[in-house]
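Structure, as structure tokens:
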Amino acid sequence: MKLSTLMEGLTYEIIQGDVHTDVKQLCWDSRRVKEGALFIAVRNKHVNRHDFIMDAVREGATSIILEDDMYEVPKEVTVLRVDHTRKTMAILANRFYHEPSKKLKLIGITGTNGKTSTSFLIDGIMDHIGKRSGLIGTIKNTVGPKRLKTVKINPTTPDALELQSSFAEMVEKGVEYAVMEVTSTALERDRVIGCDFNIGVFTNLSRDHLDEHGTMEAYQAAKAKLFSMCKKAVINIDDPVGEAFASRAQCPVITFGIMRHADFTAKDIQYTSRGSVFTLVHNDTESKVTLSIPGEFTIYNALAAIASCYALGLELDEIIGGIGQVMFIPGRFERIPNLKDIFTIVDYAHSPDSLEQLLQSAKKLSSGKIYVVFGCGGNRDKSKRPIMGKIAGMYADHCILTSDNPRDEDPVEIIRDIEVGIMGARCTYEKIEDRKKAIFQALSKASKGDIVIVAGKGHENYQIRKGLSIYFNDAEVIEDYFMMETDSVSVLK
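Residue numbers (UniProt numbering): 1 to 493.
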């Protein structure tokens, strides 16, 4: 594709070279540049890619887009200057891959909590009905059971190049429906410009990511951007922010909730250790829904998934049949079975609201004691640490404060920040910085019927310390503990 074609209608300054040059690849990582690439020098908080322009040229980039002053590059390299390289990159990515999201029925899900679970439920419904679907989110990027070829890098919502490439791959593989998590960061940083959302879903909003947005008002404003980009909105009306979004939406709105009148609501809810059952009410129709995942928050996620699929024209009975087939979601209220009959749960809860919802739901499983193992991430919003400590202290019988992903911070200092909130709570607590030892300690204290919750990392299989990603998986650590216990019993026999 010609550079001039990609840039059509955009404002730019030609610094040097031929704007009609061919572009064979779009890239913003100099280490992945191929011959004939257009290198886009995007700047963020941690990296200024203008510093890697010459690296990109040496790797074969034949054109550059930048927003800083001119960098000296060979005369045969075309250089354009724009006001915003990040926004330009999103527009160009959409064009380079021939606007792939327009060929899909795209569902975008935003909210503090529930994005991953809702996306998995929708994907599971599609699979049950026999619809070919793709999934982009925190845990994986897939088409059906197969992972996309596109390399998944850390963010829940990929950068614009990775995202549009993923959509193009889905189109190539005959996908009809695509489900993606849309984070506030992605909306704020223009990653989803050019995405043609059929449905925008709002799950909830609570305190998180203030290290990124600064204030709750800014965080809410970032989330709101999705609803200026979608054809229909599916909104949790029980959430005050959802109510505000619904009242201001410029597109048709479908509401869901439990506490208030909504288009899709749940009544006669029954919680068990193996899931939940409720009556779905939509218009004058009532239907029984069975879920294999426990928790009140799962009811909300299920309502969001059901409403989204219905909004796309799928039959309600097929939707209900499909949602009951989703047996578990990795790291989301994930039960780890064991012979000691301890309710052992791994969950991704890493914000005050998600931790509180998790603990409230866990209390309904058993009358036994609750043991909670958790920490907080380093280089993230410090203000939520004592709040999470206070919440854990309210619901748990015993807490073990430990490390999460300390990143560049001292894990001991992070634990001290959490401890400020838990001091004076009714529960007892201890501090064990080593996460494996902390998990083992909780399990050793628990008896039959007790609940052990390991929160914060969920599906993650790593810990980040001082720039290094070290293999670590909460579920595997729990399984290792019970394996050791079984082996010990066998030896004694």
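All C-beta atoms, glycine included, are put in the ideal place defined by N, C-alpha and C.
Near residue i, which residues of its chain fall below 8 Å by C-beta distance, leaving aside the five closest residues on each side in sequence?
i, result
"HIS98", "ALA168"
"ASP408", "GLY378, ASN379, LYS466 and GLY467"
"PHE328", "SER292, ILE293, GLU334 and ARG335"
"LEU10", "VAL82, THR88 and ILE91"
For residue i versus residue j, is the C-beta spacing smaller than 9 Å?
i, j, result
"VAL23", "THR85", "no"
"VAL346", "ASP474", "yes"
"GLY456", "PHE374", "yes"
"THR116", "GLU181", "yes"
"ILE293", "ILE125", "no"
"ASP404", "GLN463", "yes"
"LEU312", "ASN198", "yes"
"ASN94", "CYS230", "no"
"LEU280", "THR298", "no"
"THR285", "SER276", "no"
"ILE370", "LYS364", "no"
"residue 494", "GLY200", "Coverage of the chain is limited to positions 1 through 493, which leaves residue 494 absent and any answer about it impossible."
"MET170", "PHE96", "no"
DSSP beta-bridge partners for residue i?
i, result
"ASP22", "LYS2"
"ASN48", "ARG43"
"THR428", "HIS398"
"ILE107", "VAL179 and ILE199"
"THR16", "The question names Thr, but residue 16 is Gln in the sequence shown. GLN16 pairs with VAL79."
"HIS282", "PHE264 and THR285"
"CYS230", "PHE197"
"ILE64", "PHE39 and VAL79"
"GLU334", "VAL346"
"THR272", "GLY275"
"THR290", "VAL277"
Select from the options the residue whose C-alpha is nearest the C-alpha of residue i.
i, options, result
"ILE136", "THR112, GLY130 and SER101", "SER101"
"ILE15", "ASP29, ILE65 and ASN44", "ILE65"
"PHE120", "ILE139, MET1 and ARG132", "ILE139"
"ARG385", "THR11, VAL47 and ALA349", "ALA349"
"LEU161", "VAL42, SER367 and GLU476", "VAL42"
So for residue i, helix, strand or coil by DSSP?
i, result
"THR85", "helix"
"TYR177", "strand"
"VAL201", "strand"
"ASN301", "helix"
"THR157", "coil"
"ASN94", "helix"
"ILE136", "strand"
"LYS437", "helix"
"CYS169", "It is Glu, not Cys, that sits at residue 169 in the sequence shown. Residue state, collapsed to three classes: helix."
"ALA446", "coil"
"LYS152", "Confidence at LYS152 is low in this model, with a pLDDT of 49, below 50, so its placement is unreliable and the value that follows should be read with caution. Here LYS152 sits in coil by DSSP."
"GLN357", "helix"
"THR112", "coil"
"LYS146", "strand"
Leaving out five residues before and five after residue i in sequence, what residues of the same chain have Cβ atoms less than 6 Å from its Cβ?
i, result
"ASP341", "LYS448"
"ILE478", "ILE336 and THR344"
Cβ of residue i less than 9 Å from any chain D Cβ?
i, result
"GLU59", "Protein chains in the displayed structure number just one, and chain D is not present."
Could you name the residues of the same chain whose beta carbon sits closer than 7 Å to that of residue i, not counting the 5 residues immediately before and after it, in chain order?
i, result
"PRO406", "GLY378, ILE414 and ARG465"
"residue 535", "Residue 535 cannot be examined here, being either before or after the span of the chain that is shown, 1 to 493."
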